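See below for the structure under consideration.
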Amino acid sequence: MALDQSFIGRSYPPASTYEVGREKIREFADAIGDDNPVYCDPEAARAAGHPDVIAPPTFLTVINLAAINTIVADPELGLDYSRMVHGDQSFQYTRPVHAGDQLRLTTHVEDIMARAGNDFLTVRAEITDADGEPVCTTRAQLVVRGEGA
1 MALDQSFIGR SYPPASTYEV GREKIREFAD AIGDDNPVYC DPEAARAAGH
51 PDVIAPPTFL TVINLAAINT IVADPELGLD YSRMVHGDQS FQYTRPVHAG
101 DQLRLTTHVE DIMARAGNDF LTVRAEITDA DGEPVCTTRA QLVVRGEGA
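Reminder that position 148 of the sequence shown reads as 148 in UniProt numbering, one-by-one numbering, no gaps.
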């Protein structure tokens with residue numbers, strides 16, 4: 001079943017605010033095996049010009065995934081989750097994410113296209129801080145394998 005093209009252009013407002021904590025940053029850095037001190041040592045982060053520890057570049061996946069799941073779980077979209085695979089992910093930062101940030105995420109269905117019997121869903125998230133200032137734009141492309149794939 002093809003994805004519903006009418007979803008292109010839909011926006012999903014922030015459902016909540018995510019407060020970035022030092023411990024969450026440290027846990028994420030440990031999980032990806034990155035021991036850069038700016039991720040766990042406030043003094044090292046300040047020496048590098050940051051107000052507190054900063055998050056690794058892919059940290060925002062933590063909040064982005066929940067927003068994406070809200071879209072793909074909508075039965076009207078017609079997405080068979082059992083056939084979905086992650087195709088691509090990108091992050092365009094305005095500034096680094098640091099401990100103490102309160103982030104809000106607005107998600108947009110940017111594109112839906114079919115190619116070689118598969119559907120491709122591109123989702124964009126605009127992530128802002130508590131003052132509404134941009135922090136990062138993320139894009140994720142999800143591939144829904146066709147019946148014969």
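No residue lacks a Cβ here, since even glycine has one placed at the ideal position from N, Cα and C. From a predicted model like this one, the values you see are computed outputs, not experimental measurements.
Throw me the rounded Cβ distance for the Ala45 and Phe28 pair, which I believe falls under 8 Å. As a working mapping, residue 45 is identified with position 45 in the sequence shown. As a working mapping, residue 28 is identified with position 28 in the sequence shown. By a beta-carbon distance limit of 8 Å, Ala45 does not contact Phe28. Their separation comes to about 15 Å.
Which residue from Asp131, Leu3, Asp80 and Val38 puts its Cα closest to that of Ala99? Here the question's residue 99 lines up with position 99 in the sequence shown. When only C-alpha atoms are compared, the closest one is Val38.
Checking 8 Å against the spacing of the C-beta atoms, do Ala140 and Leu105 come in under that value? Here residue 140 is taken as the residue at index 140 of the sequence shown, counted from 1. Here residue 105 is taken as the residue at index 105 of the sequence shown, counted from 1. No, the Cβ-Cβ distance between Ala140 and Leu105 is not below 8 Å.
Just tell me which of Glu110, Phe59 and Glu133 has its CA closest to the CA of Asp34. Counted from its first residue, the sequence shown places residue 34 at position 34. The shortest Cα separation from Asp34 among Glu110, Phe59 and Glu133 belongs to Phe59.
Using three-state DSSP, classify Val109 as helix, strand or coil. Here residue 109 refers to the residue found at position 109 when the sequence shown is read from its first residue. Reduced to three states, the DSSP call for Val109 is strand.
Just reading off the beta strand (DSSP E) that Asn118 is part of, what are its end residues? Numbered from 1 along the sequence shown, position 118 holds the residue referred to as residue 118. Where Asn118 is concerned, the enclosing beta strand (DSSP E) stretches over Asn118 to Thr128.
From Ile8 to Thr128, what distance separates their C-alpha atoms? On the sequence shown, residue 8 is found 8 positions in, with the first residue counted as 1. On the sequence shown, residue 128 is found 128 positions in, with the first residue counted as 1. Each residue's Cα considered, the two are about 22 Å apart.
If you reduce the DSSP assignment to three classes, tell me which class Ser16 lands in. For the purposes of this step, residue 16 is taken as residue 16 along the sequence shown, with counting starting at 1. Ser16: coil per DSSP, three-state reduction.
Give me, in chain order, the residues of the same chain whose beta-carbon lies closer than 8 Å to that of residue 179; leave out the 5 immediate sequence neighbours on both sides. Limits of the chain in this structure are 1 at one end and 149 at the other, which puts residue 179 out of reach.
Specify the secondary structure class of Leu103 as computed by DSSP and reduced to three states. The count along the sequence shown starts at 1 and reaches residue 103 at position 103. Here Leu103 sits in strand by DSSP.
Residues near Thr17 in its chain [Cβ-Cβ closer than 8 Å; skip 5 each side]: Counting from one through the sequence shown, the residue named residue 17 turns up at place 17. Apart from the 5 residues on each side of it in sequence, Thr17 sits with its Cβ closer than 8 Å to the Cβ of Gln102, Leu103, Arg104 and Ala130 in its chain, given in chain order.
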